[in-house]
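A.B. asks:
2 protein chains.
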Amino acid sequence: MSDASEKLTQSGLSRSVGIVEPKTARFSEPLALDCGRSLPSYELVYETYGQLNAERSNAVLICHALSGDHHAAGFHAETDRKPGWWDSAIGPGKPIDTDRFFVVCLNNLGGCKGSTGPLSIDPVSGKPYGPDFPIVTVKDWVHSQYRLMQYLGLSGWAAVIGGSLGGMQVLQWSITYPDALAHAIVIAAAPRLSAQNIAFNEVARQAIITDPEFYGGRYAEHNTLPRRGLMLARMLGHITYLSDDAMRAKFGRELRSGKVQYGFDVEFQVESYLRYQGTSFVDRFDANTYLLMTKALDYFDPAQASNDDLVAALAEVKAHFLVVSFTSDWRFSPERSREIVRALLASGKQVSYAEIESNHGHDAFLMTIPYYHRVLAGYMANIDLASTPRGASSPVCSTEGAV
Amino acid sequence: MSDASEKLTQSGLSRSVGIVEPKTARFSEPLALDCGRSLPSYELVYETYGQLNAERSNAVLICHALSGDHHAAGFHAETDRKPGWWDSAIGPGKPIDTDRFFVVCLNNLGGCKGSTGPLSIDPVSGKPYGPDFPIVTVKDWVHSQYRLMQYLGLSGWAAVIGGSLGGMQVLQWSITYPDALAHAIVIAAAPRLSAQNIAFNEVARQAIITDPEFYGGRYAEHNTLPRRGLMLARMLGHITYLSDDAMRAKFGRELRSGKVQYGFDVEFQVESYLRYQGTSFVDRFDANTYLLMTKALDYFDPAQASNDDLVAALAEVKAHFLVVSFTSDWRFSPERSREIVRALLASGKQVSYAEIESNHGHDAFLMTIPYYHRVLAGYMANIDLASTPRGASSPVCSTEGAV
Numbered sequence: 001m002s003d004a005s006e007k008l009t010q011s012g013l014s015r016s017v018g019i020v021e022p023k024t025a026r027f028s029e030p031l032a033l034d035c036g037r038s039l040p041s042y043e044l045v046y047e048t049y050g051q052l053n054a055e056r057s058n059a060v061l062i063c064h065a066l067s068g069d070h071h072a073a074g075f076h077a078e079t080d081r082k083p084g085w086w087d088s089a090i091g092p093g094k095p096i097d098t099d100r101f102f103v104v105c106l107n108n109l110g111g112c113k114g115s116t117g118p119l120s121i122d123p124v125s126g127k128p129y130g131p132d133f134p135i136v137t138v139k140d141w142v143h144s145q146y147r148l149m150q151y152l153g154l155s156g157w158a159a160v161i162g163g164s165l166g167g168m169q170v171l172q173w174s175i176t177y178p179d180a181l182a183h184a185i186v187i188a189a190a191p192r193l194s195a196q197n198i199a200f201n202e203v204a205r206q207a208i209i210t211d212p213e214f215y216g217g218r219y220a221e222h223n224t225l226p227r228r229g230l231m232l233a234r235m236l237g238h239i240t241y242l243s244d245d246a247m248r249a250k251f252g253r254e255l256r257s258g259k260v261q262y263g264f265d266v267e268f269q270v271e272s273y274l275r276y277q278g279t280s281f282v283d284r285f286d287a288n289t290y291l292l293m294t295k296a297l298d299y300f301d302p303a304q305a306s307n308d309d310l311v312a313a314l315a316e317v318k319a320h321f322l323v324v325s326f327t328s329d330w331r332f333s334p335e336r337s338r339e340i341v342r343a344l345l346a347s348g349k350q351v352s353y354a355e356i357e358s359n360h361g362h363d364a365f366l367m368t369i370p371y372y373h374r375v376l377a378g379y380m381a382n383i384d385l386a387s388t389p390r391g392a393s394s395p396v397c398s399t400e401g402a403v
Numbered sequence: 404m405s406d407a408s409e410k411l412t413q414s415g416l417s418r419s420v421g422i423v424e425p426k427t428a429r430f431s432e433p434l435a436l437d438c439g440r441s442l443p444s445y446e447l448v449y450e451t452y453g454q455l456n457a458e459r460s461n462a463v464l465i466c467h468a469l470s471g472d473h474h475a476a477g478f479h480a481e482t483d484r485k486p487g488w489w490d491s492a493i494g495p496g497k498p499i500d501t502d503r504f505f506v507v508c509l510n511n512l513g514g515c516k517g518s519t520g521p522l523s524i525d526p527v528s529g530k531p532y533g534p535d536f537p538i539v540t541v542k543d544w545v546h547s548q549y550r551l552m553q554y555l556g557l558s559g560w561a562a563v564i565g566g567s568l569g570g571m572q573v574l575q576w577s578i579t580y581p582d583a584l585a586h587a588i589v590i591a592a593a594p595r596l597s598a599q600n601i602a603f604n605e606v607a608r609q610a611i612i613t614d615p616e617f618y619g620g621r622y623a624e625h626n627t628l629p630r631r632g633l634m635l636a637r638m639l640g641h642i643t644y645l646s647d648d649a650m651r652a653k654f655g656r657e658l659r660s661g662k663v664q665y666g667f668d669v670e671f672q673v674e675s676y677l678r679y680q681g682t683s684f685v686d687r688f689d690a691n692t693y694l695l696m697t698k699a700l701d702y703f704d705p706a707q708a709s710n711d712d713l714v715a716a717l718a719e720v721k722a723h724f725l726v727v728s729f730t731s732d733w734r735f736s737p738e739r740s741r742e743i744v745r746a747l748l749a750s751g752k753q754v755s756y757a758e759i760e761s762n763h764g765h766d767a768f769l770m771t772i773p774y775y776h777r778v779l780a781g782y783m784a785n786i787d788l789a790s791t792p793r794g795a796s797s798p799v800c801s802t803e804g805a806v
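First to last, the sequence lines map onto chains A and B. Numbering follows the working numbering, in which position 166 of the first sequence is assigned residue number 166; successive positions increment by one, without gaps. Numbering follows the working numbering, in which position 100 of the second sequence is assigned residue number 503; successive positions increment by one, without gaps.
1. Is the Cβ of A:Ser-398 closer than 8 Å to any Cβ of chain B?
2. Assuming B:Ile-564 is part of the alpha helix (DSSP H), what are its boundary residues?
3. Quick check: what's the CA-CA separation for B:Asp-668 versus A:Ser-120?
4. Which runs of the alpha helix (DSSP H) fall wholly inside the region 131-219 of chain A and span at least 4 residues, in chain order?
5. Go through its chain and collect everything with a Cβ distance to B:Asp-500's Cβ below 7 Å, but skip five positions before and after it.
6. Comparing C-alpha positions only, which one of A:Gln-51, A:Phe-214 and A:Tyr-290 sits nearest to A:Leu-109?
7. Rounding to the nearest angstrom, what Cα-Cα distance links A:Ile-198 and A:Val-45 in this structure?
8. Within its chain, find whatever has a CB closer than 8 Å to the CB of B:Ser-740; leave out the 5 residues flanking it on each side and keep chain order.
9. Compare the C-beta of A:Arg-205 with all C-beta atoms of chain B and state if any pair is closer than 8 Å.
10. Please classify A:Asp-140 as buried or exposed, where buried requires at least 16 other C-beta atoms within 10 Å of its C-beta.
11. Is DSSP giving B:Leu-717 helix, strand or coil here?
12. Along chain B, in chain order, which residues have C-beta atoms closer than 9 Å to that of A:Ile-340?
13. Against chain B, which members of the region 99-130 of chain A pass a CB distance test of less than 7 Å?
14. Which residues in chain B have a C-beta closer than 7 Å to the C-beta of A:Thr-210? List them in chain order.
15. At a Cβ cut of 8 Å, what residues of the region 370-393 of chain A count as close to chain B, listed as they run along the chain?
16. Buried or exposed for B:Arg-429, going by 16 or more other Cβ atoms inside 10 Å?
17. Tell me the residue span of the beta strand (DSSP E) that contains A:Lys-23.
18. Below 6 Å CB to CB, which residues in the same chain sit around B:His-776 once its five sequence neighbours on both sides are set aside?
19. Taking the alpha-carbon of B:Gly-666 as reference, which of A:Leu-292, A:Gln-269 and A:Thr-240 has the nearest alpha-carbon?
20. Given this structure, state the Cα-to-Cα distance separating B:Cys-438 from B:Pro-537, to the nearest angstrom.
21. Please compile the residues from chain B whose C-beta is within a distance smaller than 8 Å of the C-beta of A:Asp-132.
22. Assess contact between the region 266-283 of chain A and the region 229-237 of chain A, defined as three or more Cβ pairs (one per stretch) separated by less than 8 Å. Is contact present?
23. Would the beta-carbon of B:Leu-568 fall within 8 Å of that of B:Ala-699?
24. Alpha carbon to alpha carbon, how far is A:Thr-224 from B:Thr-451? Give it in angstroms, no decimals.
25. Comparing the C-beta of A:Arg-256 with each C-beta of chain B, is any distance below 8 Å?
26. Consult DSSP for B:His-641 and reduce its assignment to one of helix, strand or coil.
27. Tell me, to the nearest whole angstrom, how far the beta carbon of A:Ala-59 is from that of A:Trp-173; I am working on the premise that it is less than 8 Å.
28. Determine which residues of the region 189-202 of chain A have a Cβ less than 8 Å from any Cβ of chain B, and write them out in chain order.
29. Pick from A:Asn-307, A:Gly-68 and A:Gly-117: whose alpha carbon is nearest that of A:Trp-85?
30. What runs of the alpha helix (DSSP H), each 4 residues or longer, lie entirely inside the region 669-735 of chain B?
31. Between which two residues does the beta strand (DSSP E) holding A:Ser-352 run?
32. If contact means a Cβ-Cβ distance below 7 Å, which residues of the region 233-258 of chain A contact chain B?
33. Is B:Pro-737 buried or exposed, if buried means 16 or more other CB atoms sit within 10 Å of its CB?
34. Classify B:Lys-580 as buried or exposed, calling it buried when 16 or more other Cβ atoms lie within 10 Å of its own Cβ.
35. Taking Cβ-Cβ distances shorter than 8 Å, what residues in chain B pair up with A:Ile-135?
36. Going by other Cβ atoms of all chains shown within 10 Å of its Cβ, with 16 needed for buried, is A:Ser-115 buried or exposed?
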């Protein structure tokens with residue numbers, strides 16, 4: 001046991017995967033994208049937790065949401081204040097049990113945490129892509145994740161798992177590569193955005209784009225950042241991640257100073273929380289990436305190619321599904337998850353559905369809610385590794401040149 | 404019949420109050436405000452519709468919401484494209500029937516449509532108030548409205564009526580001046596904002612305040628406007644005024660150009676709608692006023708002085724209430740109206756409650772929904788003008804010097 005992992009154990013983190021190190025996979029074959037452009041070459045940064053078994057049948061893919069990345073579990077250094085974003089669910093003895101599964105999580109294309117994105121150098125121009133990075137879709141991500149699967153020497157996943165925008169990637173995996181995954185776990189997602197969801201994204205985008213420091217996305221060349229716009233986008237996002245009830249429980253109408261100030265400084269606790277969330281986000285996230293992620297959300301609509309018939313879109317799906325929603329989630333409400341469940345059932349697929357009682361809103365998918373974790377752990381424990389695909393065939397709907 | 408009203412009749416507007424003209428009331432007695440400051444003198448712009456009867460018992464006060472004003476019904480000129488903001492409900496034969504009632508509507512203090520506010524000249528400095536205009540509360544507005552009542556030679560109202568922030572003024576009227584109104588009609592309101600409501604207001608305020616063209620509220624001195632910030636605030640507001648269902652019905656996921664563009668120009672119809680609402684608002688509303696209105700919303704909390712006990716806060720109320728909510732309103736949901744109803748009942752007051760089925764969200768209160776208008780018309784028709792206060796006594800909770 002290393003000094004570092006010993007310390008982690010001592011500090012009560014024995015169920016952590018411990019210290020982890022991101023790795024980089026380089027791809028030199030061009031990737032054709034939905035938008036019509038292609039990436040000549042690209043890198044994907046990823047982490048793995050647990051051990052791949054001899055049969056290569058215990059690999060699980062975790063897909064991240066809007067502001068997530070490849071660092072899903074463990075710590076990068078023993079001085080880290082916080083573990084990866086889904087450490088609550090991934091680790092030894094946890095619902096996604098690293099004693100049994102080999103877990104892979106990557107930063108998606110267009111991201112800002114190491115994978116090729118707006119901050120990367122465009123090999124053609126020799127300068128950072130910035131706003132010239134192509135718009136990527138959920139399907140593009142799934143194609144790139146399939147290549148990562150091949151790169152890792154895997155022929156299929158025991159399960160592909162994700163929450164929110166991550167859940168949309170799971171749904172797309174099951175449609176595009178039906179032979180490459182045995183189980184699909186879709187948490188707090190929707191089959192496509194509603195007009196209201198798009199509207200919130202549009203206000204966030206306008207906040208960023210109209211910030212005078214945005215410079216058409218070329219803020220780096222001007223040695224600046226669209227701080228105000230990105231802060232507003234994140235503040236707004238946080239309202240949609242929390243439920244009204246969760247905000248009431250967390251902040252109520254509590255005043256920060258105890259009495260009304262009759263001014264425009266922070267007055268209520270909830271204002272203080274939002275400003276903190278907004279300003280701290282600016283230092284750790286790229287505005288061009290934020291814009292790309294919201295567009296990937298807006299465009300996701302797997303039923304579109306099937307005349308808006310989700311049942312037809314799911315016809316070739318082979319994976320078994322677990323769909324999970326949370327009662328107080330108003331960003332992607334349980335009703336949106338039930339749309340997925342009903343379409344799967346109508347299409348004759350196998351699906352389990354759990355609607356978890358929670359007042360945490362959309363954020364619940366990241367939280368340690370006992371019943372939620374029991375459902376997830378129970379489903380994972382029942383996965384028969386013998387059913388993991390051993391030789392995934394070609395995708396059902398290939399983008400030319402993409403795979 | 405004048406040429407103008409004849410034309411209005413010909414164009415099918417026979418149920419309109421016709422051409423109306425705003426009037427200005429000047430007050431030279433200082434008005435002490437909740438914030439501790441006072442206005443040395445001020446003006447209130449108002450309109451009236453219908454005729455005051457000989458007994459002066461048929462006057463009705465309409466209180467406006469966040470972006471409303473004194474122009475509630477009729478037209479200012481025959482070339483006007485649109486009538487006043489509540490023309491659907493106010494006019495001859497309409498629910499608030501001007502054949503029977505004398506209807507008064509004013510622009511609130513702090514407004515930007517003629518009443519004293521940030522755009523007015525500060526008599527002390529000789530310059531526009533701008534950001535130095537004092538923060539006004541719902542209670543301050545009610546005090547100023549009471550003075551307008553006296554100015555008009557009225558000793559009480561047959562009814563005080565308002566939706567949203569207007570409904571909050573009605574509730575405050577019933578508490579502060581229990582002897583001055585016979586009926587209180589509170590539509591699509593809440594007894595106070597939730598943390599989520601405050602959070603949305605805070606994002607709107609930050610959008611305005613962080614706009615580099617805001618200049619600490621002194622944009623007029625710099626010959627500019629915080630256009631971006633006010634646009635974002637309004638876009639966000641519109642999301643909360645419409646229900647998810649209403650947006651789905653109105654816009655769905657319809658693309659403006661018919662196909663996906665893979666860019667950041669307007670793509671979905673809902674984006675086009677929001678951008679239009681945002682940009683057109685900038686030319687007709689003042690940013691400092693918008694900030695003041697959101698603060699009045701945040702601070703409204705009549706139960707606070709009674710240890711958060713709304714029942715106790717309503718103890719002295721004499722008015723009979725009609726409370727109306729709309730099923731798809733998520734800004735101020737039916738549950739928030741039921742809080743008011745339950746407190747009134749627990750306090751032994753007379754209250755009728757109607758929960759109107761509608762998928763229009765918060766905006767429903769401005770719409771011509773048949774059942775809603777029948778409820779409103781029925782309640783108004785049953786008002787016995789003999790019960791209108793003939794000599795309103797002093798307020799229950801006087802701000803020193805305010806009345």
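Don't be surprised by glycine CBs; every beta carbon is placed ideally from N, CA and C.
C.D. replies: Straight from the coordinates:
1. Below a pLDDT of 50, predicted positions are generally treated as unreliable, and A:Ser-398, at 38, falls in that range; the measurement from the model is reported next regardless. With 8 Å as the cut-off, A:Ser-398 does not count as an interface residue toward chain B.
2. Premise fails: B:Ile-564 lies in the beta strand (DSSP E), 560-566, not in any alpha helix (DSSP H).
3. 24 Å
4. 138-151, 165-176 and 195-209
5. Met-783
6. A:Tyr-290
7. 29 Å
8. Val-589, Ala-591, Ala-592, Ala-593, Val-726, Val-727, Ser-728, Tyr-756 and Glu-758
9. Yes, its Cβ sits closer than 8 Å to a Cβ of chain B.
10. buried
11. coil
12. Neighbours of A:Ile-340 on chain B: none; closest Cβ ~16 Å, over 9 Å.
13. none
14. Arg-631
15. Along the region 370-393 of chain A, none of the residues has a CB nearer than 8 Å to a CB of chain B.
16. Exposed: under 16 other Cβ atoms inside 10 Å.
17. 23-27
18. Pro-498
19. A:Leu-292
20. 7 Å
21. Residues of chain B passing the Cβ test: none, with the nearest at roughly 12 Å.
22. yes
23. yes
24. Cα-Cα distance, rounded: 54 Å.
25. Closer than 8 Å: no.
26. helix
27. That belief does not hold up - the Cβ atoms of A:Ala-59 and A:Trp-173 are roughly 13 Å apart, past 8 Å.
28. Taking 8 Å as the Cβ-Cβ cut-off against chain B, the residues of the region 189-202 of chain A that qualify are Arg-192, Leu-193, Ser-194, Ala-195, Gln-196, Ile-198, Ala-199, Phe-200 and Glu-202.
29. In this structure, A:Gly-68 is the residue among A:Asn-307, A:Gly-68 and A:Gly-117 with its C-alpha nearest to the C-alpha of A:Trp-85.
30. List check, alpha helix (DSSP H) in window: 672-685, 690-702 and 713-716.
31. Unbroken beta strand (DSSP E) run through A:Ser-352: 351-356.
32. Met-235, Leu-236, Ile-239, Asp-244, Met-247, Arg-248, Phe-251, Gly-252 and Arg-253
33. buried
34. According to the sequence as given, residue 580 of chain B is Tyr; it is not Lys. Result: buried.
35. Tyr-665 and Gly-666
36. A:Ser-115 counts as buried, since at least 16 other C-beta atoms from the protein chains shown sit within 10 angstroms of its C-beta.
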